[in-house]
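Just so you know, the sequence shown maps onto residues 0 to 387 in numbering that gives the first Met the number 0. Taking it in order: structure first as structure tokens, then the write-up.
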Amino acid sequence: MNETNRLKRRLNLFHIIAIGIAYMSPFAVFDTFGIASDISSGHVPAAYIVVFTAILFTALSYGKLVKRYPAAGSVYSYTKNLINPYVGIMVGWVSFIDYLALPMINALLANIYLSAALPGVPGWVWIVGLIIIISVLNIFGVKLAASVNMLLVVFQVLIGIIFIFLTYHSIAQGPEHFIAPINLFPSGKEFSGLFTAAALLALAFIGFDAITTLSEETIKPKKTIPRGIILVATFGGIFFFTVTYFMQSLFPDVSTFKDIEGASPEIAYMIGGNLFLSIFTAGALFSVFASGLAAQMSASRLLYAMGRDKVLPQRFFGYLHPKFNSPVYSILLIGVLALTAIFLDLETATSLMQVIGIRNNYRIAIHWIVFSPIVQHLCFTLKDIMSG
Numbered sequence: 000m001n002e003t004n005r006l007k008r009r010l011n012l013f014h015i016i017a018i019g020i021a022y023m024s025p026f027a028v029f030d031t032f033g034i035a036s037d038i039s040s041g042h043v044p045a046a047y048i049v050v051f052t053a054i055l056f057t058a059l060s061y062g063k064l065v066k067r068y069p070a071a072g073s074v075y076s077y078t079k080n081l082i083n084p085y086v087g088i089m090v091g092w093v094s095f096i097d098y099l100a101l102p103m104i105n106a107l108l109a110n111i112y113l114s115a116a117l118p119g120v121p122g123w124v125w126i127v128g129l130i131i132i133i134s135v136l137n138i139f140g141v142k143l144a145a146s147v148n149m150l151l152v153v154f155q156v157l158i159g160i161i162f163i164f165l166t167y168h169s170i171a172q173g174p175e176h177f178i179a180p181i182n183l184f185p186s187g188k189e190f191s192g193l194f195t196a197a198a199l200l201a202l203a204f205i206g207f208d209a210i211t212t213l214s215e216e217t218i219k220p221k222k223t224i225p226r227g228i229i230l231v232a233t234f235g236g237i238f239f240f241t242v243t244y245f246m247q248s249l250f251p252d253v254s255t256f257k258d259i260e261g262a263s264p265e266i267a268y269m270i271g272g273n274l275f276l277s278i279f280t281a282g283a284l285f286s287v288f289a290s291g292l293a294a295q296m297s298a299s300r301l302l303y304a305m306g307r308d309k310v311l312p313q314r315f316f317g318y319l320h321p322k323f324n325s326p327v328y329s330i331l332l333i334g335v336l337a338l339t340a341i342f343l344d345l346e347t348a349t350s351l352m353q354v355i356g357i358r359n360n361y362r363i364a365i366h367w368i369v370f371s372p373i374v375q376h377l378c379f380t381l382k383d384i385m386s387g
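Pasting the structure below:
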């Protein structure tokens, strides 16, 4: 493949951070709060501390690997070079399943939000419209898609800050007039619930690693990508902890809510009324849009890398648009597959999310095994010995 048919470096650190946060989806903290609080007996902030501590080691490992292999294939490229091409293919496909499913799930969620607001419009219109917009943005180039993601992320973070302020205001209006310190960590048998909740919340951090698929499109990737990984993971840890700390302080017992799994919209209404609930819903919609945009971007780069290596048909997957320099066929394929959301209902989607959750847990386990510092050290040492 000649130099004119290679990805071009156009992204800076801010683009990378925005894409990572968008994929990770800040609003995920609201979606899981109710069920995580119930499982952990009101210790969601502590569960996020546990998850962040574990994720930080993986993030550091990714930072080390991208310095050695700054390739678009991410986890596929690392395992291919570190261990074996066949292991690389296996790990690459596990990651691709995650990347592939997210645009479809996000399109379905957008349909749910928009159909609730405008019930007269057929659901398929929202799904097709969202996927077309996401695909067009990604085809027109990585920098445009990254810039749009940056705006969407800023909007989500602002809503998160407003949410924290309104929660604090509600606490200040209470009988105590201040935030009483909560017991972060449980005692005795409650620790099992804490770790169960942590396993659930680990899915919220999936995405910080996706920015490694953009290594070949990033300026100074050996410096920028590792910084981006650490900053995205750290932002997630701080944001998730802060939001849930205030939520848990205001609502230590979530059993009083009508729907534990959907407690956050109820909380948004209680602290800010209908106006903030509308803003909160808009933030949730922007969240799924940004996450779908980032997921399609990452998945297309992974397919491009596998096509370039002839693991997949090179003519199709290794093709880059001559003007926009984007893997257009891979983007279109992911968009077409995402259209299957038209045929899914909420119950089927929930089952699919559970399957994806199992895949993600498997993927996390692979990351821990393959990318632990000890395994890295052994693989690097063996590589150096074998190369003389």
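Even for Gly, the Cβ is constructed at its ideal location relative to N, Cα and C. Bear in mind that the values here come from a model prediction, so they are computed numbers and not experimental data.
Going by C-alpha distance, which of Lys63, Ala35, Ala289 and Ala232 is nearest Tyr22? Sequence index remark: in the sequence shown, residue 22 carries index 23 (1-based). Answer by Cα proximity: Ala289.
Neighbour-count burial assignment, Thr217, 16 or more Cβ in a 10 Å radius: Your numbering for residue 217 matches position 218 in the sequence shown. Buried, by the Cβ-count rule.
DSSP three-state label for Leu319, please. Locating residue 319 in the sequence shown gives position 320, counting from the first residue. Three-state result, Leu319: coil.
By a C-beta neighbour count over all protein chains shown, 10 Å radius and 16 as the cutoff for buried, is Tyr85 buried or exposed? Taking the sequence shown and counting its residues from 1, the one referred to as residue 85 is at position 86. Looking at its Cβ environment, which holds fewer than 16 other Cβ atoms inside 10 Å, Tyr85 is exposed.
Member of Ser214, Thr31, Thr243 and Ala109 whose CA lies at the smallest distance from the CA of Leu12: Here residue 12 refers to the residue found at position 13 when the sequence shown is read from its first residue. Comparing Cα-Cα distances from Leu12 to each of Ser214, Thr31, Thr243 and Ala109, the minimum goes to Ser214.
Do Tyr75 and Gly91 have their beta-carbon atoms positioned less than 7 Å apart in this structure? Counting from one through the sequence shown, the residue named residue 91 turns up at place 92. Counting from one through the sequence shown, the residue named residue 75 turns up at place 76. Their beta carbons are under 7 Å apart, which means Gly91 touches Tyr75 by this criterion.
When burial is assigned at 16 or more other CB atoms within 10 Å of the CB, is Asp258 buried or exposed? Residue numbering aside, residue 258 sits at position 259 when the sequence shown is read from its first letter. Answer is exposed; the Cβ neighbour count stays below 16.
Residues bridged to Thr217 (per DSSP): Along the sequence shown, read from residue 1 onward, the residue named residue 217 stands at position 218. In the DSSP output, where bridge partners are listed per residue, Thr217 has Leu10.
Could you tell me which of Met269, Phe275, Asn324 and Thr280 sits nearest to Met296, measuring between CA atoms? In the sequence shown, the residue the question calls residue 296 occupies position 297. It is Asn324 whose Cα lies nearest to the Cα of Met296.
Taking Leu136 as the reference, which of Ala262, Ala293 and Thr339 has the closest Cα? Locating residue 136 in the sequence shown gives position 137, counting from the first residue. When each option's Cα is compared against that of Leu136, the closest is Ala293.
Is the distance from the Cβ of Ala298 to the Cβ of Phe279 below 7 Å? Here residue 298 refers to the residue found at position 299 when the sequence shown is read from its first residue. Here residue 279 refers to the residue found at position 280 when the sequence shown is read from its first residue. Not a contact, by the Cβ cut-off of 7 Å.
Kindly list the residues whose CB is nearer than 6 Å to the CB of Gly235, restricted to its own chain and excluding five residues on each side of it in sequence; keep chain order. Residue 235 sits at position 236 when you count from the first residue of the sequence shown. Met23 and Phe204.
Near Met246, what residues of its chain come up, given a Cβ to Cβ distance below 7 Å and the 5 sequence neighbours on each side ignored? For this step, residue 246 is matched to residue 247 along the sequence shown. Phe32, Thr166 and Ile266.
Leaving aside the five residues before and after Leu6 along the sequence, list all residues of the same chain whose C-beta is less than 6 Å from its C-beta, in chain order. Position 7 of the sequence shown, counted from the start, is the residue given in the question as residue 6. So the qualifying residues of the chain are Glu215 and Glu216.
Classification of Thr223 by the beta-carbon crowding that lies within 10 angstroms, buried from 16 upward: The sequence position of residue 223 within the sequence shown is 224, counting from 1. Under this definition Thr223 is a buried residue.
What's the call for Arg300, buried or exposed, on a 16-neighbour Cβ count within 10 Å? Walking along the sequence shown from the start, residue 300 turns up at place 301. Buried, by the Cβ-count rule.
Using only the alpha-carbon positions, how far apart do Gln155 and Ala198 sit? If you number the sequence shown from 1, residue 155 lands on position 156. If you number the sequence shown from 1, residue 198 lands on position 199. So the alpha carbons of these two residues sit roughly 24 Å apart.
Does the stretch 235-244 touch the stretch 94-106, meaning 3 or more C-beta pairs lie closer than 8 Å? no
Among Leu274, Ala209, Tyr328 and Val253, nearest to Ile16 - alpha-carbon criterion: The residue given as residue 16 occupies position 17 in the sequence shown. For the options Leu274, Ala209, Tyr328 and Val253, the alpha carbon positioned closest to that of Ile16 is the one of Ala209.
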